[in-house]
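Working notes, beginning with the structure itself.
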Amino acid sequence: MEPLTTRQERVLRCVLALSQRHGRMPTYRELGASLSIASPNGVRRHLLALERKGYLSTHRAARGIELASEVQASLGIPLIGRIAAGRPLQALENFEGRLDLGQEFGAHPDCFALRVKGDSMVDAGILDGDIAIIQSSPRVRHGEIAAVAIDNEATVKRVELEPGLMRLIPANAAYRPLEIREGEHDVRVLGAVVGIVRKF
0 MEPLTTRQER VLRCVLALSQ RHGRMPTYRE LGASLSIASP NGVRRHLLAL ERKGYLSTHR
60 AARGIELASE VQASLGIPLI GRIAAGRPLQ ALENFEGRLD LGQEFGAHPD CFALRVKGDS
120 MVDAGILDGD IAIIQSSPRV RHGEIAAVAI DNEATVKRVE LEPGLMRLIP ANAAYRPLEI
180 REGEHDVRVL GAVVGIVRKF
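With the first letter of the sequence shown counted as 1, position 198 gets the number 197 in numbering that gives the first Met the number 0; the numbers rise by one all the way through.
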């Protein structure tokens, strides 16, 4: 399949989300309403571009959209590596697959997933082996649980912010908070934890 433009990916995700929500393919008008496209012809142009690239096919019917079999497998949130919930570990962006959670998390283009390793956040309900859904952002609010990279090592903790100081608070009494003063380390906030996926 050919790569999609940002707009084409948004249209495709909208088709998938509406079909999952209602149990049937959307009409052009329903797609137009969701995408803020006034003209059904405008919707059709986007669908034809997706058809040319092999993502779907269109037929002359009210709900005549058919998704390619590969589409659902390719539209998840990317799972790109592991993140420590104990001592920080080397953060490697190794693609491990995709999670089909777009509908649950609004198919947000800035979400990604990291697998939790360690038990420092158990009292916050984040367990070893969980998959944390991160809303990518270089800033988080005081008190949010977030993914943070410290000298290229990543961890997930509750973040407390003070002028010139970041405090990373575990949710397990066996671990001590980590205080990072401005300039001491290369610190990068990856984003807030917005969800947890766990397989039993």
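No residue lacks a Cβ here, since even glycine has one placed at the ideal position from N, Cα and C.
- Shown here, glutamate 8 sits in a helix according to DSSP, grouped into three states.
- Under the 8 Å Cβ criterion, the stretch 117-128 does not count as touching the stretch 38-53, having fewer than three qualifying pairs.
- Around the beta-carbon of phenylalanine 111, 16 or more other beta-carbon atoms lie within 10 Å, marking it buried.
- Rounded to whole angstroms, the gap between the alpha carbons of alanine 172 and arginine 197 is 23 Å.
- Residue range 164-168 is occupied by the beta strand (DSSP E) that includes leucine 167.
- For alanine 32, no beta strand (DSSP E) run applies; the uninterrupted alpha helix (DSSP H) run containing it begins and ends at 27-34, by DSSP.
- Proline 87 sits away from isoleucine 133, with the two beta carbons spaced by 7 Å or more.
- Taking the Cα of isoleucine 64 as reference, the smallest distance to any Cα among Glu161, Ala32, Arg23 and Leu164 is reached at Arg23.
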